[in-house]
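**Q** The opening residue of the sequence shown carries number 35 in the working numbering; numbering runs sequentially from there.
The beta-carbon is built from N, C-alpha and C at its ideal position, and this holds for glycine as well.
The structure presented is a predicted model; accordingly, all values stated were derived computationally and were not measured.
Below is a structure I'd like to ask you about.
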Amino acid sequence: MYKVMLRKNATGEQKLVEIADDWYQDGLSEYMWEDGNYACDCNRAAFFGDDPCECGEIAYTALYAVLEDGRQVKLDADEDAQAA
Ligand SMILES: [Zn+2]
35 MYKVMLRKNA TGEQKLVEIA DDWYQDGLSE YMWEDGNYAC DCNRAAFFGD DPCECGEIAY
95 TALYAVLEDG RQVKLDADED AQAA
């Protein structure tokens, strides 16, 4: 189990959501958030109880993951930093 801090970009609302999966140290979990299933707005919408929106990667931002040992791993925030 781990947690991810998600931001709904339209409102700025942030929510720390629990993910039942293990965090995979080999980069698989990061991949899932950056390019895999969890990267898509349609799946992220469910964490906010929003109606499934269109597929895309603009409506929600995954800021960072919080692992069971408390360590934080940056997710989409890396892209924000590069774009700034
Ligand atoms: Zn989608």
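Within this structure, are the beta carbons of D84 and K42 separated by less than 9 Å?
**A** Within the sequence shown, the letter at position 50 stands for residue 84. Within the sequence shown, the letter at position 8 stands for residue 42. Their beta carbons are under 9 Å apart, which means D84 touches K42 by this criterion.
**Q** CB A93 to CB D75, shorter than 9 Å?
**A** Here the question's residue 93 lines up with position 59 in the sequence shown. Here the question's residue 75 lines up with position 41 in the sequence shown. Yes, these two residues count as a Cβ contact at 9 Å.
**Q** Under a three-way DSSP split, which group does R105 fall into?
**A** As a first step, residue 105 must be located in the sequence shown, where it is residue number 71. Here R105 sits in coil by DSSP.
**Q** Of the residues C89, E64 and D55, which one's Cα is nearest the Cα of Q106?
**A** Locating residue 106 in the sequence shown gives position 72, counting from the first residue. Of the candidates C89, E64 and D55, the one whose C-alpha sits nearest the C-alpha of Q106 is E64.
**Q** Straight-line CA distance for A79 to D60?
**A** Residue mapping note: residue 79 aligns to position 45 of the sequence shown, counting from 1. Residue mapping note: residue 60 aligns to position 26 of the sequence shown, counting from 1. The alpha-carbon atoms of A79 and D60 are separated by roughly 26 Å.
**Q** Would you identify the three-state DSSP class for M66, choosing helix, strand or coil?
**A** Counting from 1 along the sequence shown, the entry for residue 66 is found at position 32. Residue state, collapsed to three classes: helix.
**Q** State buried or exposed for L109, treating a residue as buried only when at least 16 other CB atoms are found within 10 Å of its CB.
**A** Within the sequence shown, the letter at position 75 stands for residue 109. That one is buried.
**Q** Tell me the start and end of each unbroken alpha helix (DSSP H) in the stretch 76-106 that is at least 4 residues and wholly inside, in chain order.
**A** Listed in chain order, nothing qualifies, since the stretch 76-106 has no complete alpha helix (DSSP H) run of 4 or more residues.
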